[in-house]
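Residue 41 is where the sequence shown starts when you use the numbering used here, and the numbers rise one by one after that.
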Amino acid sequence: MGFREPAEVPVSNPLDGLMADIIARIEAGAPPWRQPWKGGAEPGLPLRANGEPFTGSNAWTLAFIGALKGYTSPYWFTFRQALGIDAPVAKGEKASPAILYKVKVTDGEPDPATGDPSDPQVLRYLRGYSVFNAEQLQGCPERFLRGPAVDPSLRAAAQDAVLDAVPAEIGIGGSRACYIPALDLVRLPPPEAFVSLDEFKSTKAHELVHWTSAASRLNRELGRRFGDDAYAFEELVAEIGSAILGLRIGLAPQLLDSHAGYLAHWVRILKDRPHALISASSLAQKAADYLIAFSLPAEDRQIAA
């Protein structure tokens, strides 16, 4: 007996308002996951009220919103959570969208002819909810208003520790960054060819996300040629995956050049498939987790085959 994977339960996309802004920015040539940080804030994953990091779509959408609005706090609260720390939402402050995504396996209905149970069904539910940054609260405790202090040298060492732990074959040279599936090789120009070392690291992170797509790793469809939907969708996964990975290790998403063809395809995919961004973010989160696992102690590793 196997699982049947029906279409997702019809739901409205709780990110509809944000999606329109995202599409507009992509059309203008500025993908939002590359939003630069302002006000001296350090790039990092947005945090829940209990200090746990957001994941998936929430990881980069809330980071994007925070960067766009100039928030330096990484903490986000629901209305009720804000009341729980005696720091109500300030009058006139607008909420930001977050999503709750759940998967439920249900028993199938018995076959009317034989009485045998049918295959279980996998149902996916999507629900939106509202959150507020700590800086939108009245009398918010100081511990929530700033992220932890960061030592630049320690942060750079941590970034190298994560990226260098990935056992991908890296070829340095040439003028083009790419992942070559036939050779299972990541090719990168030398670091000095980039505007900054951070740009080199971000590009490496992007190509390492592609590296996770191999059948022996996370087994994603790459597409056969530039321009087809699978190719463009994989680029979207790599873009978001490198941003999530960068936020995890304190590496700001870089304002790199995007091929105009990718941008046009992403806009079409997002307009045709309302939940494509959530699907891409889920795959991107898995890729980021997969890459980070290589740098963890052996007893803490859970690297999927």
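Think of the CB as a built atom: it goes at the ideal place given N, C-alpha and C, for glycine as much as any other residue.
So the alpha helix (DSSP H) residue i belongs to, where does it begin and stop?
i, result
"residue 280", "269-289"
"residue 320", "316-333"
"residue 90", "Segment: none, residue 90 is in no alpha helix (DSSP H) and carries neither H nor E."
"residue 102", "96-109"
Roughly how many whole angstroms lie between the Cα atoms of residue i and residue j?
i, j, result
"residue 218", "residue 172", "39 Å"
"residue 255", "residue 313", "25 Å"
"residue 126", "residue 180", "8 Å"
"residue 283", "residue 135", "23 Å"
"residue 131", "residue 92", "27 Å"
"residue 290", "residue 337", "20 Å"
"residue 238", "residue 196", "9 Å"
"residue 295", "residue 160", "With a pLDDT of 45 at residue 295, under the threshold of 50, the modelled position of this residue cannot be trusted, and the question is left open."
"residue 141", "residue 316", "14 Å"
"residue 105", "residue 115", "12 Å"
"residue 206", "residue 168", "35 Å"
"residue 170", "residue 137", "5 Å"
"residue 67", "residue 304", "7 Å"
"residue 332", "residue 62", "27 Å"
"residue 209", "residue 271", "22 Å"
"residue 96", "residue 225", "27 Å"
"residue 318", "residue 281", "12 Å"
"residue 101", "residue 84", "12 Å"
"residue 249", "residue 194", "24 Å"
"residue 216", "residue 227", "7 Å"
"residue 328", "residue 86", "16 Å"
"residue 166", "residue 221", "34 Å"
"residue 47", "residue 107", "Because residue 47 sits at a pLDDT of 36, beneath the cut-off of 50, its placement in the model cannot be relied upon, and the point is left open."
"residue 186", "residue 103", "14 Å"
"residue 65", "residue 110", "18 Å"
"residue 94", "residue 118", "13 Å"
"residue 334", "residue 277", "20 Å"
"residue 57", "residue 275", "23 Å"
"residue 306", "residue 326", "20 Å"
"residue 251", "residue 112", "33 Å"
"residue 60", "residue 99", "18 Å"
"residue 261", "residue 253", "7 Å"
"residue 213", "residue 71", "27 Å"
"residue 320", "residue 309", "11 Å"
"residue 269", "residue 211", "28 Å"
"residue 323", "residue 183", "33 Å"
"residue 51", "residue 241", "The pLDDT assigned to residue 51 is 42, lower than 50, so where the model puts this residue is not dependable, and the model offers no usable value."
Can you tell me which residues form a DSSP beta bridge with residue i?
i, result
"residue 139", "168"
"residue 117", "172"
"residue 129", "177"
"residue 307", "DSSP lists no partner for residue 307."
Per the contact definition of three or more C-beta pairs closer than 8 Å, is the stretch 232-242 in contact with the stretch 188-195? Touching, no, given that fewer than three Cβ pairs across the two stretches are closer than 8 Å.
With a cut-off of 8 Å, do at least 3 Cβ pairs link the stretch 197-205 to the stretch 171-181? Too few Cβ pairs lie closer than 8 Å, so no.
Unbroken beta strand (DSSP E) runs of length 3 or more, entirely within the stretch 155-236: which are they? When DSSP assignments are scanned along the stretch 155-236, the uninterrupted stretches of beta strand (DSSP E) that are 3 or more residues long and fall wholly within it turn out to be 161-173, 209-212, 218-220, 225-228.
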